[in-house]
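The number in my numbering is simply the position in the sequence shown, starting from 1, with 2 added.
Report on one structure; see the data block that follows.
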Amino acid sequence: MEAYSADRSLRGKLRRRYTRLAFRKPLRLALERPMITFSFDDVPATAALAGARVLEAAGLKGTFYICAGLEDGEGPMGRYGSSEDARRLAAAGHEVACHTYSHLDCGQADQAAITADVDRNGVALAERGAPDLVSFAYPYGDVSFAAKKALGGRFKTLRTVQAGLVTDGADANQLPAVGIESADGEARALRWMDEAARRKAWLILYTHDVAETPSAWGCSPQVLARLAERAAAGFDVVTMAQGAARAGL
Ligand SMILES: [Zn+2]
């Protein structure tokens, strides 16, 4: 289940830090304008519906990191999206991306288990109209050598939940991202947008549910709409796949 129980111990923190040094894939970025991506993890039904609608109303596309194994199930962020939701997102030109099949903790699993779970998600998402997955997000944001090794050659980008900006030389196998979640999610996102604009960097935002009363990991449609409006005015808004292409990947 989606319990956000990744390894928060000192050992876990050190593992994530060591992994920054291995299996690196430096990207190249020289932007005229700052760049921003809106992404959604796990993809609760509200993200696939209300979240997608907010972006579409602003003329934007998002990246949806789907776990096909969670489809239709109930979770702490509400019901997960259906296979039909995934199909509609793909057909509407959003990017369908990979988040493992079962929301596997890649910080703990071995390479064979990671590969098998990602293979299974790839087959399922191909059936939903997304045959060419190029973007991956680590469930719980948790990384390991095994995961970077298993996935680094397979996807153009691997995204974490460590806050930061993507700048020239960043490791495409362990990209930072900023959460639009909890009560101060909007303010935090705005601060990082200011910083991205100042540095002409790439900011990757992520959230989960998009609901009037969001969970601790989600945001409201109003917050998403305000951020989308601000982004459309001052940033090149790209999917992860588009961003990767612009970063030479
Ligand atoms: Zn997740």
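The C-beta atom is built at its ideal place from N, Cα and C for all residues, glycine as well.
Report buried or exposed for D134, applying the criterion of at least 16 other Cβ atoms within 10 angstroms of its Cβ. Burial state of D134 is exposed, judged by a 10 Å Cβ sphere holding fewer than 16 other Cβ atoms.
In terms of DSSP beta bridges, what is V212 paired with? In DSSP, V212 forms a bridge with C221.
Selection from G236, A24, A94, G53 that minimises the alpha carbon distance to R35: Nearest neighbour of R35 by Cα position, chosen from G236, A24, A94, G53, turns out to be G236.
Using a threshold of 8 Å, is the CB atom of D43 nearer than that to any non-hydrogen atom of ligand 1? Indeed, a heavy atom of ligand 1 lies less than 8 Å from the Cβ.
By Cβ distance, which residues of its chain are closer than 8 Å to L251, with the 5 residues on each side in sequence left out? Counting only residues of its own chain and dropping the five nearest sequence neighbours on each side, L251 has a CB closer than 8 Å to the CB of K27, L29, K158, T159, A174.
Environment of T102 [buried if 16+ CB atoms lie within 10 Å]: When all chains shown are included, T102 counts as buried.
R13 versus Y67: straight-line alpha-carbon distance, rounded: Answer to the nearest angstrom: the Cα atoms are 27 Å apart.
Measure the alpha-carbon distance for T209 versus G83 and round it to whole angstroms. Near 14 Å, if we compare the C-alpha coordinates of G83 and T209.
Can you tell which of A88, L51, E58, L16 has the C-alpha that lies nearest to the C-alpha of A213? Sorting A88, L51, E58, L16 by C-alpha distance to the C-alpha of A213 places L51 at the top.
Whole angstroms are fine: how far does the CA of A179 sit from the CA of S104? Each residue's Cα considered, the two are about 22 Å apart.
Can you name, in chain order, every residue of its own chain whose Cβ lies under 6 Å from the Cβ of R89, other than the five neighbours on each side? Only R130, G131 meet the Cβ criterion.
Residue from G166, V136, Q164, A165 whose Cα sits closest to the Cα of L153: The residue with the shortest Cα to Cα distance from L153 is V136.
Please say whether A203 and L57 have beta carbons closer to each other than 9 Å? No, these two residues do not count as a Cβ contact at 9 Å.
Output yes or no for whether 9 Å exceeds the beta carbon distance between L127 and I116. Contact annotation: L127 and I116 have beta-carbon atoms that are not nearer than 9 Å.
Three Cβ pairs or more, each shorter than 8 Å: is that satisfied between the stretch 72-86 and the stretch 111-125? Touching, no.
Taking Q164 as the reference, which of D170, R156, K150, G181 has the closest Cα? Measuring C-alpha to C-alpha distances from Q164 to each of D170, R156, K150, G181 identifies G181 as the nearest.
If the criterion is Cβ atoms closer than 9 Å, does the pair V168 and A243 meet it? For V168 and A243, no; Cβs fall outside 9 Å.
Of the choices K63, D44, R18, D87, whose alpha-carbon is the least far from that of E231? Here the closest residue by C-alpha is K63.
Just verifying my parser: in three-state terms, what is the DSSP assignment at R81? If DSSP states are grouped into helix, strand and coil, R81 belongs with the strands.
For the beta strand (DSSP E) containing D43, list its first residue and its last residue. Segment 37-44, the beta strand (DSSP E) holding D43.
Taking 9 Å as the cut-off, decide whether the C-beta atoms of I206 and R156 are in contact. No, these two residues do not count as a Cβ contact at 9 Å.
Figure out for me which residue from D112, G61, A70 has the closest Cα to the Cα of G95. Per the Cα distances, G61.
Please report the residue range of the alpha helix (DSSP H) in which T162 lies. First-last for T162: undefined, no H or E at that position.
Any non-hydrogen atom of ligand 1 closer than 8 Å to A139 Cβ: Because some heavy atom of ligand 1 lies under 8 Å away, the Cβ of A139 counts as near it: yes.
For V98, which of helix, strand or coil comes out of DSSP? In the structure shown, V98 falls within a strand segment according to DSSP collapsed to helix, strand and coil.
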